[in-house]
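**Q**
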Amino acid sequence: MAPLRFSANLSWLFSELPGLPARLRAAGSSGFEAAEVAWPYAEPPGALARVAREAGLRLVLINTPPGDQEKGEMGLGAVPGRQAAFREGLEQAVRYAKALGCPRIHLMAGRVPQGADRAAVRGEMETVFLENLRHAAGVLAQENLVGLLEPINTRVTDPQYFLDTPQQAAAILQKVGRPNLQLQMDIFHWQIMDGNLTGNIRKFLPIVGHVQVAQVPGRGEPSSPGELNFPYLFQLLEDEGYQGFVGCEYRPQGEGGVGLQGWPWRNLDGGCFLLVG
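Numbering (the working numbering), first residue to last: 120 to 396.
This is the structure in C-alpha cells:
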C-alpha cells in the first residue's frame, strides 16, 4: 500500500506571493515534490519549467484556458458556439504541458450560458462537450497526455457550471470511451453536491486520474474545522490503491500561508510536512 503523495495547488497556496515563479520556489522550499496550477499562461513555459526544475518540483496538472473571464466564461468545453476557441485553448495547454513535463490537463467544461435554462440546454451542451472531448482525446493521445473532467459544485461555488456531479462526468466519459480521459475528484465539490463519499470514492476511483482536497464548508486545509474526516478519507484512498497525487486546493488558514502544520496525516514519500497526531 503506497503512501499518498501531495501536490501544492499554486492557484490557492502561497497567494501572498505575486507570481507563479515565486510560488513554485516557495512550494519547493516547503517540502512539496509536486505542484499544480489552474492557468500558467501569463508566464513563458520555458521559464516556468526552469524554475520548477530548480525548485525540485514536477508539474502534475494544468487547466485549459478559461476563455473570456470578463464575459463570465470559466472553461469552454461544453459551450455552444465556442468550439474553435476551445480547440485553440487546448493547443495552448498542450504546448505548456509538453514544456513543463506535465502529464494531465483538466478540460474545463464551462458554464451554462447566461440567461439559459439548464434543463433546456443540457442536451446541446453535452453534444458539444462530447465532440470536443473526442477531439481532445485524439490530440492528447499524440503527446501521451491525459485529459481530466472535474465536476464543480453548483450549490455554492459556481451555480452556472455545466458539469456538477461525478455521476454526470462518469456518464460522459463512458460515452466518449477514450482511455486517456479520466475523472478529476475534488472531494470538496463531491461532498457539497452528493455526499456519500465512501461509496462514491469506491465506485469511481478506478477512473480517477487526480484528487483534490479541501475542508467543507470553509474550503480550508484538511486539519481545519469542518464536515470531513480527512484521516478516514486519506486512509480510504490508500486502502483503495490510489496511486496519483492529491492536490492541496484549499484556502490556508494557518500561519505561513500554507496551513500544512498539524495536518492529521503523514507523507512518507518525499517530505515530512504532513504529521500524524
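Glycine is no exception: its CB is placed at the ideal position from the N, C-alpha and C atoms.
Would you give the residue range spanned by the alpha helix (DSSP H) that Ile271 belongs to?
**A** From DSSP, Ile271 is part of no alpha helix (DSSP H); its letter is neither H nor E.
**Q** According to DSSP, is Asp358 helix, strand or coil?
**A** Helix at Asp358.
**Q** Rounded to whole angstroms, what is the Cα-Cα separation between Gly257 and Leu139?
**A** Cα to Cα, Gly257 sits roughly 30 angstroms from Leu139.
**Q** The alpha helix (DSSP H) spanning Arg230 covers which residue range?
**A** Here Arg230 belongs to no alpha helix (DSSP H), and DSSP marks it neither H nor E.
**Q** Rank Gln286, Pro278, Arg169 by C-alpha distance to the C-alpha of Gly191 and give the top, closest one.
**A** Comparing Cα positions, the closest option is Pro278.
**Q** Is Ala121 closer than 8 angstroms to Phe133 when the C-beta atoms are compared?
**A** Against a cut-off of 8 angstroms, the Cβ pair of Ala121 and Phe133 comes out as no contact.
**Q** Among the residues of its own chain, which have a CB less than 8 angstroms from the CB of Ala289, if the five just before and after it don't count?
**A** Excluding sequence neighbours, Ala289 sits near Leu302, Phe323, Ile326.
**Q** Please report the distance separating the alpha-carbon of Phe125 from that of Glu368.
**A** One C-alpha to the other measures close to 10 angstroms.
**Q** Taking 8 angstroms as the cut-off, does the region 347-362 touch the region 239-255 (at least 3 CB pairs, one atom from each stretch)?
**A** Result no; under three Cβ-Cβ pairs closer than 8 angstroms.
**Q** Thinking Ala171 and Leu219 are a contact (beta carbons under 8 angstroms), I'd like their distance in whole angstroms, please.
**A** Between Leu219 and Ala171 the Cβ distance is about 7 angstroms, and since that is below 8 angstroms, they are a contact.
**Q** Distance, Cα to Cα, Ala157 vs Leu226?
**A** Each residue's Cα considered, the two are about 11 angstroms apart.
**Q** Do Gly194 and Gly150 have their beta-carbon atoms positioned less than 8 angstroms apart in this structure?
**A** The answer is no: Cβ separation not under 8 angstroms.
**Q** Cα-Cα, which of Arg169, Glu207, Ala203, Leu252 is closest to Asn299?
**A** Cα-wise, what sits closest to Asn299 is Leu252.
**Q** Please go through the same chain and pick out, in chain order, the residues whose beta-carbon is closer than 7 angstroms to the beta-carbon of Leu164, but skip the five residues on each side of it.
**A** The question names Leu, yet the displayed sequence has Pro at residue 164. Arg214, Tyr215, Ala218, Leu219.
**Q** Apply the 10 Å Cβ neighbour rule to Gly147 and answer buried if 16 or more other Cβ atoms are within range, or exposed otherwise.
**A** Buried, by the Cβ-count rule.
**Q** Counting only runs of 3+ residues fully inside the region 155-229, write out the beta strand (DSSP E) ranges in chain order.
**A** Those beta strand (DSSP E) runs which fall completely within the region 155-229 and span 3+ residues are 177-182, 223-225.
**Q** What's the call for Glu340, buried or exposed, on a 16-neighbour Cβ count within 10 Å?
**A** The residue is buried, with at least 16 neighbouring Cβ atoms inside 10 Å.
**Q** Check whether the Cβ atoms of Gly366 and Glu155 sit closer than 8 angstroms, and answer yes or no.
**A** Going by C-beta atoms, Gly366 is nearer than 8 angstroms to Glu155.
**Q** How big is the Cα-Cα spacing for Arg274 and Ile311?
**A** Going from the Cα of Arg274 to the Cα of Ile311 covers about 7 angstroms.
**Q** Could you tell me which residues DSSP puts in a beta bridge with Leu366?
**A** Checking the sequence shown, residue 366 turns out to be Gly, not Leu. DSSP, once it has assigned bridges, lists Ser126, Gln331 as partnering Gly366.
**Q** Who does Leu302 pair with in a DSSP beta bridge?
**A** Leu268, Val327, per the DSSP bridge assignment.
**Q** Take the Cβ of Arg223 as the centre, count every other Cβ of all protein chains shown within 10 Å, and call the residue buried at 16 or more, exposed below.
**A** Classification of Arg223: buried, given that the 10 Å Cβ count is 16 or more.
**Q** Considering only C-alpha positions, which residue in the set Leu143, Pro232, Ile181, Asp236 is nearest to Gln188?
**A** That would be Pro232, whose Cα lies nearest to the Cα of Gln188.
**Q** Per DSSP, Ile153 is paired with what?
**A** A small fix is needed here, since residue 153 is Ala in this sequence, not Ile. Partner(s): Ser126, Arg177.
**Q** For a quick check, are the C-beta atoms of Leu292 and Leu268 less than 8 angstroms apart?
**A** Yes, Cβ-Cβ distance for Leu292 and Leu268 is below 8 angstroms.
**Q** What's the gap between the Cα of Arg370 and the Cα of Ala168?
**A** Arg370 and Ala168: Cα-Cα distance of roughly 25 angstroms.
**Q** Among the candidates Thr276, Leu176, Gly200, whose CA atom is the shortest distance from the CA of Arg338?
**A** Minimum Cα distance to Arg338 is reached at Thr276.
**Q** DSSP puts Tyr280 in a beta bridge; with which residues?
**A** Answer by DSSP bridge pairing, in chain order: Arg230.
**Q** For Ala204, which residues in the same chain have their Cβ closer than 8 angstroms to its Cβ, ignoring the five residues on either side in sequence?
**A** Correct list, in chain order: Gly186, Leu195.
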